[in-house]
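Below is one structure; the comments refer to it alone.
In the working numbering, the protein residues as written are 262 to 558.
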């Protein structure tokens, strides 16, 4: 695993441990980001006939249902990698037989076949992958040529107030660094996608108590920085932590934390036609190329 394939700072062992223990529920922030991202589907010229939701139990179960309402006739594949989250997904979304008889679109709780999807959706998941390029290649394999990927994740300005406070106090970093959106765009282009479009927004959440702030952070994840404090913290340090965070409060006693949200979408690149002194092109590839040309002209 090369350094170019990994986020700036992330401990893969700690990540795997967190993923196995993460609550099978969608944090509020994930649902809010998913709600904002699904509004962008209105820009799509054609409704997908087949689509996949990558890790929706943590990524946003309510958001998944919003997309189903938007595309009620589209078949969906749900990919969950952890057993407990697979169980929750099956309980929530398994298609009953009566629904199939009634003509309701099927939900498949398994990985899609290669080149079978028109759209892949991944909300607030890519920053919790040890090898984002490998995940992007996997998504590209599932998509049809001209299929679309849409994703969101945390960006590098996330928790900037906490990072500054920890640095001032001489504490290890409070969280791993997150990949810059321009680097994510480069990863898309290098792993089977064309026309990547990246943008970001900063969401500032305000907390009326340090206890509520800590609860929010624990729901979102864990500190996966390789240089995090290696042992368990005690009650004395926790009391010191709560006191230190009070220094971030405004005149009304509210503590603000910034979350940078990166959005990306891209098109699965069409396979390149081989060029040689004598070139053989299959009838299927020729038909696909002609159809693409007609859409663009």
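Even for Gly, the Cβ is constructed at its ideal location relative to N, Cα and C. As the structure is a prediction and not an experimental result, all values here were calculated from the model.
Identified DSSP bridge partners for residue i
i, result
"residue 464", "520"
"residue 311", "336"
"residue 525", "412 and 459"
"residue 510", "516"
"residue 404", "378"
DSSP three-state assignment for residue i, whether helix, strand or coil
i, result
"residue 456", "strand"
"residue 367", "coil"
"residue 305", "coil"
"residue 263", "In this prediction, residue 263 has a pLDDT of 48, which is less than 50 and means its spatial position is unreliable; what the coordinates show is noted afterwards. Residue 263: coil per DSSP, three-state reduction."
"residue 391", "coil"
"residue 381", "strand"
"residue 274", "helix"
"residue 432", "coil"
"residue 471", "helix"
"residue 479", "helix"
"residue 291", "helix"
"residue 420", "coil"
"residue 494", "coil"
"residue 355", "coil"
"residue 281", "helix"
"residue 505", "helix"
"residue 558", "Residue placement at residue 558 is poorly supported in this model, since its pLDDT is 49, which falls under 50; the coordinates still yield a value, given next. Residue 558: coil per DSSP, three-state reduction."
"residue 344", "helix"
"residue 300", "helix"
"residue 530", "coil"
"residue 438", "coil"
"residue 350", "helix"
Start-to-end residues for the alpha helix (DSSP H) that takes in residue i
i, result
"residue 446", "442-451"
"residue 485", "Neither: residue 485 is in no alpha helix (DSSP H) and is coded neither H nor E."
"residue 320", "317-320"
Contact with chain D by residue i, beta-carbon distance below 8 Å
i, result
"residue 326", "The chain labelled as chain D is not found in the depicted structure, where only one protein chain is given."
At a cut of 8 Å, does the stretch 477-493 reach the stretch 396-408 through at least three beta carbon pairs? Short answer: they don't touch.
Is the stretch 325-338 close to the stretch 296-309, with three or more CB pairs under 8 Å? yes
Could you say if the stretch 458-466 and the stretch 435-443 meet the contact criterion of at least three C-beta pairs nearer than 8 Å? yes
Does the pairing of the stretch 376-386 with the stretch 396-416 give three or more beta-carbon distances under 8 Å? yes
Using 8 Å as the Cβ pair cut-off and three pairs as the minimum, do the stretch 490-502 and the stretch 413-423 touch? no
Is the stretch 272-282 touching the stretch 491-507 in the sense that three or more CB pairs, one from each, lie closer than 8 Å? no
Is it the case that the stretch 502-519 contacts the stretch 305-319, given that we only count it when at least three CB pairs across the two stretches are under 8 Å? no
Using 8 Å as the Cβ pair cut-off and three pairs as the minimum, do the stretch 385-394 and the stretch 338-358 touch? Verdict: no, contact absent.
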